[in-house]
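Q: First the structure, then my questions, so here it is.
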Amino acid sequence: MREALRGGQRVDPDDLITRLDAVRRFLTAVDGHLPDERLVPAHTLVERAGTRLALSRDHTVVALAGATGSGKSSLFNALARLDLSPVGVRRPTTGVAHACVWGPLDGATRLLDWIGVLPRHRFIRESALDGDDESALHGLVLLDLPDFDSVQHAHRLEVDRLLGLVDLVIWVVDPQKYADRLVHTAYLREFHRHRDVTLVVLNQADRLPPAEVPRVLDDLRRLLDADGLTGVPLLATTAVDPSGTTELRASLESTVAERQASLRRLAGDIDTVVERLADLVGPDSAGAGPDSAGTRVLTDALAGAAGVPAVTTAVEAAYRHRAAGVTGWPLVRGWRRLRPDPLRRLHLPGSDAAGGSTEEPGAKPVAATSVPDPTAAQRSALGLAVRAVAERAGGDLPGPWPAAVTGAARSRLGDVPDALDRAVAGTDLDVPERPLWWRLVGALQWLVTLTAVAGLAWLALGYALNALGLPDPDEPMVGEVPLPTLLLLGGLLAGLLVAAVTRPVVRWAARRARLRAERRLTAAVAGVGEEHVLTPVRAVLTSYADARDALRVAAGKK
Ligand SMILES: Nc1nc2c(ncn2[C@@H]2O[C@H](COP(=O)(O)OP(=O)(O)OP(=O)(O)O)[C@@H](O)[C@H]2O)c(=O)[nH]1
Ligand SMILES: [Mg+2]
């Protein structure tokens, strides 16, 4: 039986610290993304384990726990070989934890402060006074707990608190109550992950006929198996007889010598916490991120909400309007210029050279466009697109993660309208004001117009001279046609011809200007989607991946 508690695997302190750090990393990664109540056990673990490891690894804190009257205090006194904790006939007797420390108290003081044992309930067994047989227990801190089935609710709370802190638990049951449901369902079953640091004693074995003891032990073993505590050490003890605790003492000696109980306890705690968190992470393939199809739908919806079609239509119209103003027939150009520029009507800068822009040169464009507000349909299309992006990005994640991804995708939706307006206002639409070829065509138009005007003037002069009866100077002839007539008609015809050739070229160039502006605007609204929707989504997915990796390390899988 001396080997009884050595059955478990050795826990390497460095591995334990790595696993604990991984739980910490998990908590950092999921912070703000998962409901806090799911994370309480992990936070408690990190806090407790950190403190326990920092306090003392040379001590093994062992608690005697059980129902009232099972004989915890009697066993405590028997192991200490002193009457330290009152044993009573009136139940329950022990109301607060008592502690006995083997070895100097100094080292254990901070540990007992943390556990919360009052100084007047702390006792010492110094081996110097007691001889060699106590030195084997050096480092043991034995606790006598109140009962957990008490009429006193406070006892149960205290027991639950202490059971969360100790390294090893000795469950004390007696022949009358060993099958009591409460001890099995509320306690032993909950401790199945702590098999390595659990020991069960059937106390008051002297009250049974010797032949009955193995039968009761078998029955108890069967119940423990059903609790998931297969293989935990099970001993029979008699607290009132000095020889009745020899096996238990031997078992404690080997446990104390091993200095593994605190590490095993914490490893079991990590196992429990990790198991309860397991449903919060899934396979590696989950949460791959926003895909290109979803991103495209989002950009389209943002473009709709930003009024990009209206702006690009205005760009095309503005190009044609401006081109007509420069390349059109000179006599009607001025009239054309009176009509407002379609881009300026939207308060868009249009191009760097936009004469109507009220902005200071070099100043950043302000978001005050008159692009029409999104319609209800455009707004709902945007909402649907955001939801769709989130669902495609994180819909296959487990537990509360899809909701976290959707929440992140929508988190900055309120800022989107302003951001879109700024993006549109800040986009250089690249609509030319007076490109060289317009000016050349314009000059050509002037030339042919002036030619026609010259012809007209010449003809008019001829008529005038005629009317006044003055001699008509001979008009030079070009073939059969007089030169002034040729100039007039030729000029007019050439003007029409230039206009006929220019118009389709302007239309083609206007369409190109529209496509160019569309590309730039699409890139600008995509930037808004990136910043306000996709980046928050990716942040959650990164947190998820970090949490998944951390939990894998915390589970002990490398
Ligand atoms: N015959 C016999 N009596 C025992 C044994 N252990 C304890 N008792 C008696 O059982 C009664 C209860 O013992 P306690 O040690 O006070 O029990 P406890 O578990 O500490 O009880 P609470 O403090 O109320 O939780 C006392 O009268 C003890 O003398 C034992 O092994 N054999
Ligand atoms: Mg007691």
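Quick note on this note's numbering: the sequence shown kicks off at 5 and runs consecutively.
Glycine included, each C-beta is placed from N, C-alpha and C at the ideal position.
This one's a predicted model, so the numbers in the text were calculated from it and none came from an experiment.
Would you mind sorting Pro488 into buried or exposed? The rule is 16 or more other CB atoms within 10 Å of its CB.
A: When all chains shown are included, Pro488 counts as buried.
Q: Do the stretch 306-321 and the stretch 419-432 touch if we need at least three Cβ pairs shorter than 8 Å?
A: Yes, the stretch 306-321 is in contact with the stretch 419-432.
Q: Does the Cβ of Val244 lie closer than 7 Å to at least one heavy atom of ligand 1?
A: Yes, since a heavy atom of ligand 1 falls inside the 7 Å radius drawn around the Cβ of Val244.
Q: Just verifying my parser: in three-state terms, what is the DSSP assignment at Pro486?
A: Strand, per DSSP.
Q: For ligand 2, is there any heavy atom lying closer than 7 Å to the beta carbon of Ser77?
A: Within the cutoff, so yes.
Q: Taking the alpha carbon of Val177 as the reference point, which residue from Leu224, Arg199, Gly272 has its own alpha carbon closest?
A: The shortest C-alpha separation from Val177 is found at Leu224.
Q: Which residue comes first and which comes last in the alpha helix (DSSP H) that contains Leu57?
A: Taken as a continuous stretch (DSSP letters only), the alpha helix (DSSP H) holding Leu57 covers 44-59.
Q: For ligand 2, is there any heavy atom lying closer than 7 Å to the beta carbon of Thr241?
A: For ligand 2, not one heavy atom lies less than 7 Å from the Cβ of Thr241.
Q: Ligand 1 and Thr97: does the residue's C-beta get closer than 7 Å to at least one heavy atom of that ligand?
A: Yes, ligand 1 has a heavy atom inside 7 Å of this Cβ.
Q: Determine the direct distance from the alpha carbon of Ala389 to that of Ala380, and round the result to whole angstroms.
A: Answer to the nearest angstrom: the Cα atoms are 14 Å apart.
Q: Which value, in whole angstroms, describes the spacing of the CA atoms of Asp356 and Asp432?
A: Unreliable positioning characterises Asp356 in this predicted model, as indicated by a pLDDT of 44, which lies under 50. The coordinate reading is nonetheless provided below. The alpha-carbon atoms of Asp356 and Asp432 are separated by roughly 7 Å.
Q: Reducing DSSP to helix, strand and coil, say where Val217 ends up.
A: Looking at Val217 - three-state DSSP - the assignment turns out to be helix.
Q: With Gly466 as the anchor, note down where its beta strand (DSSP E) starts and where it stops.
A: First-last for Gly466: 440-471, but that is the alpha helix (DSSP H), not the beta strand (DSSP E).
Q: Beta-carbon separation of Val278 and Ala53 under 8 Å?
A: Cβ atoms of Val278 and Ala53: not closer than 8 Å.
Q: Using a Cβ-Cβ cut-off of 6 Å (strictly less than) and excluding sequence neighbours within five positions of Leu49, which residues of its own chain qualify?
A: Asp273, Val277, listed in sequence order.
Q: For the candidate residues Leu350, Arg337, Leu149, Ser139, whose alpha-carbon lies nearest to that of Val121?
A: The option with the nearest alpha carbon to Val121 is Leu149.
Q: Please classify Asp419 as buried or exposed, where buried requires at least 16 neighbouring CB atoms within 10 angstroms.
A: Classification for Asp419: exposed.
Q: Measure how close the beta-carbons of Leu347 and Ala322 come, nearest whole angstrom, since I'm counting them as under 8 Å.
A: Yes, Leu347 and Ala322 are in contact; Cβ-Cβ is about 4 Å, under 8 Å.
Q: Measure the Cβ-Cβ separation of Leu24 and Val34 and say whether it is below 8 Å.
A: Contact: no.
Q: By Cβ distance, which residues of its chain are closer than 7 Å to Ala271, with the 5 residues on each side in sequence left out?
A: Excluding positions up to five away in sequence, the list reads Val15, Leu20.
Q: What separation, rounded to the nearest whole angstrom, lies between the Cα atoms of Asp304 and Asp164?
A: Roughly 58 Å separates the two Cα atoms.
Q: From the DSSP output, in three-state form, read off Arg416 for me.
A: In this structure, Arg416 counts as coil in the three-state DSSP scheme.
Q: With burial defined as no fewer than 16 other Cβ atoms inside 10 Å of the residue's Cβ, what is the status of Met5: buried or exposed?
A: Its pLDDT being 37, under 50, Met5 is placed unreliably in this model, and the coordinates cannot settle the point.
Q: Smallest Cα separation from Ser247: which of Ala82, Asp478, Leu538, Ala464?
A: When each option's Cα is compared against that of Ser247, the closest is Ala82.
Q: Which of the three DSSP states is assigned to Asp18 in this structure?
A: Here Asp18 sits in helix by DSSP.
Q: At which residues does the alpha helix (DSSP H) containing His325 begin and terminate?
A: Start and end: 312-331.
Q: Could you pull out every residue in the same chain whose Cβ sits closer than 8 Å to the Cβ of Arg524, ignoring the five residues on either side in sequence?
A: Thr431, Asp432, Leu433, Asp434, listed in sequence order.
Q: Mind checking which residues open and close the beta strand (DSSP E) that includes Val541?
A: Not the beta strand (DSSP E): Val541 falls in the alpha helix (DSSP H), residues 539-558.
Q: Apart from the five residues just before and just after Asp210, which ones in its own chain have a Cβ nearer than 8 Å to its Cβ?
A: The answer, listed in chain order, is Thr242, Val244, Asp245, Gly248.
Q: What are the boundary residues of the alpha helix (DSSP H) that Arg160 is part of?
A: 157-167 is the extent of the alpha helix (DSSP H) around Arg160.
Q: Quick one: using the 10 Å Cβ neighbour count with 16 as the cut-off for buried, is His564 buried or exposed?
A: Not covered by the structure: residue 564. The range shown for the chain is 5 to 562.
Q: Between Ala190, Arg396, Tyr191, Ala183, which has its C-alpha nearest Asp295's C-alpha?
A: Comparing Cα positions, the closest option is Arg396.
Q: Alpha carbon to alpha carbon, how far is Leu221 from Ala190? Give it in angstroms, no decimals.
A: About 21 Å.
Q: Quick check: what's the CA-CA separation for Arg160 versus Gly291?
A: Cα-Cα distance, rounded: 44 Å.
Q: Bridge partners for Trp175 per DSSP, in chain order?
A: DSSP, once it has assigned bridges, lists Ala69, Val204 as partnering Trp175.
Q: Assign Thr64 to one of three DSSP states: helix, strand, or coil.
A: Strand, per DSSP.
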